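Asker:
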Amino acid sequence: MPDAAPPAAAPTVPGDARGRAATRRALLDAAYGQFLETGYLRTTIGAVTARAGYTRGAFYSSFRSKEELVGALYRSANAHQVARLRHAVLGEVERTRGEVPAADAVPAALAGLAGSVGAEARWFGVVTELRGAAVHDAAARRVLLDAQEDLLAGLVTLLDDVLVRTGSRLDLPTRDVVAVGVGLYERAFTVDEPDAAATATAVRAATETFAGVLRAVTR
3 MPDAAPPAAA PTVPGDARGR AATRRALLDA AYGQFLETGY LRTTIGAVTA RAGYTRGAFY
63 SSFRSKEELV GALYRSANAH QVARLRHAVL GEVERTRGEV PAADAVPAAL AGLAGSVGAE
123 ARWFGVVTEL RGAAVHDAAA RRVLLDAQED LLAGLVTLLD DVLVRTGSRL DLPTRDVVAV
183 GVGLYERAFT VDEPDAAATA TAVRAATETF AGVLRAVTR
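In this text, residue positions in the sequence shown follow the working numbering: the first is 3, and each later residue adds one.
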């Protein structure tokens, strides 16, 4: 169950903007480690604050709830993942001077990342628990849907950018193609432990499948 909300009269922890930003960052870092170790459902605000070395009052000066905390982490993870993909994919486009179609450039870049997916797979374990909670908890459901939309939007922007740079186009909406890719990789993340060889093999297979999808719908 989510942690209870703080009393309505709980004071805001004083401090300048830099101090508040540092507190928020420390809490996010602590929460990330805690979520990975104990999962979303078993992680409490008390465990996060103890790990970060802050009080619950400091927590509530930055986040209103455990759901808001995991939502912020989810968006941070999305930004990291999209930036990592952007660096790899646009690097491939630049390397080939935009002369290779998106259907070849994107899978080539993804193949280069297939062997280092442990962090994404571990975070997906937390997301899976959040999905379970979202079935019965409206707050968790809002966080999940917002974060999923954030990830899709980032990936759609990236793929649209690649299409423009390579002079390619899709026969389907970009969002639909991206959603297929996300689904393929999420399934691969559930095959075995995050760093297991079977997981890496499944991710490579997902890349090959996604490459086939791209080639089928790209002109």
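Ideal Cβ placement from N, Cα and C applies to all residues, glycine included. The model shown is predicted, which means the values in this text are computed figures rather than measured ones.
1) Give me, in chain order, the residues of the same chain whose beta-carbon lies closer than 6 Å to that of R217; leave out the 5 immediate sequence neighbours on both sides.
2) Looking at the structure shown, is L174 part of a helix, part of a strand, or coil, going by DSSP?
3) Measuring straight from C-alpha to C-alpha, what distance separates D178 and A52?
4) Alpha carbon to alpha carbon, what distance is there between S67 and A141?
5) State the Cα-Cα distance for the pair G214 and G156, rounded to the nearest angstrom.
6) Assess, as a yes-or-no matter, whether the segment 57–66 is touched by the segment 129–138 under the definition of 3 or more beta carbon pairs within less than 8 Å.
7) Please name the residue or residues paired with T220 in a DSSP beta bridge.
8) Does the segment 166–185 come close enough to the segment 69–85 that 3 or more CB-CB pairs lie under 8 Å?
9) Suppose only complete runs of 4+ residues qualify. What are the alpha helix (DSSP H) ranges in the segment 61–146, listed by chain order?
10) What does a CB cutoff of less than 6 Å around A111 pick up in its chain, not counting 5 residues either side in sequence?
11) Less than 8 Å between the CB atoms is what I'm expecting for T201 and F191, so what's the real figure, rounded?
12) From L174 to F212, what does the alpha carbon distance come to, in whole angstroms?
13) Could you check what DSSP says for V193 in three-state terms: helix, strand or coil?
14) Alpha helix (DSSP H) containing Y56: first to last residue?
15) Where R26 and T46 are concerned, what is the direct C-alpha to C-alpha distance, given to the nearest angstrom?
16) Taking V219 as the reference, which of G55, E188, L165 and T130 has the closest Cα?
17) Hey, would you say R171 sits closer than 8 Å to R221, going by beta carbons?
18) So what's D18 in DSSP terms, helix, strand or just coil?
19) Could you give the distance in angstroms between the alpha-carbon of E151 and the alpha-carbon of A24?
20) Measure the C-alpha to C-alpha separation of P4 and E69 and round it to an integer number of angstroms.
21) Going along the chain, which residues of its own chain have a beta-carbon closer than 7 Å to the beta-carbon of V84, five neighbours each way excluded?
22) So, is A32 buried or exposed, given that buried needs 16 or more other C-beta atoms within 10 angstroms?
Answerer: Taking the coordinates as given:
1) A105
2) coil
3) 42 Å
4) 9 Å
5) 22 Å
6) no
7) L172
8) no
9) 68–97, 104–115 and 120–136
10) A90, V91 and E94
11) 7 Å
12) 14 Å
13) coil
14) Where Y56 is concerned, there is no enclosing alpha helix (DSSP H), given that its DSSP letter is neither H nor E.
15) 16 Å
16) L165
17) yes
18) coil
19) 27 Å
20) For P4, the predicted structure reports a pLDDT of 36, less than 50, and the residue's modelled location is therefore unreliable. The matter cannot be settled from this model.
21) G156, L157 and L160
22) buried
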